[in-house]
Amino acid sequence: MFEISGFDTAGVVGLKRLSLAAALKKARELVEDGGWDAQVVDPTWRVHTPLEAQAAWSWRWAGSAAASSRAR
109 MFEISGFDTA GVVGLKRLSL AAALKKAREL VEDGGWDAQV VDPTWRVHTP LEAQAAWSWR
169 WAGSAAASSR AR
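Using the working numbering, read the sequence shown as starting at 109 and increasing by one per residue.
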């Protein structure tokens, strides 16, 4: 289970998701909706942030764009 924590205008937010991808998506949504200090803790107690996921997604997207331009 992946635990999401952070803050919004109502106070502390605590949620759980079954996968890291789903938890990071929810943490990113929390920040996009005006929340702050969102983080995900995995079952091994490693802490992940929405920015970490964004960086990984940007890297994957750039790699796929480069691969598709080579295919042309």
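Cβ coordinates follow ideal geometry from the N, Cα and C atoms, glycine included.
**Nonlocal neighbours in the same chain, by C-beta distance under 7 Å from F115, ignoring five residues either side** = Answer for F115: V121, G143, W144, D145, listed in chain order.
**Prompt:** The alpha helix (DSSP H) spanning L132 covers which residue range?
**Reply:** Residue range 128 to 140 is occupied by the alpha helix (DSSP H) that includes L132.
**Asked** Would you call F158 buried or exposed, if buried means 16 or more other Cβ atoms sit within 10 Å of its Cβ?
**Response** The residue you asked about is not Phe; residue 158 is Pro in the sequence shown. It counts as buried.
**Item:** Cα-Cα separation between D150 and G119, rounded to whole angstroms
**Value:** Using only the alpha carbons, I get a separation of about 22 Å.
**Asked** D116 bridges to which residues according to DSSP?
**Response** Under DSSP, D116 shares a beta bridge with G119.
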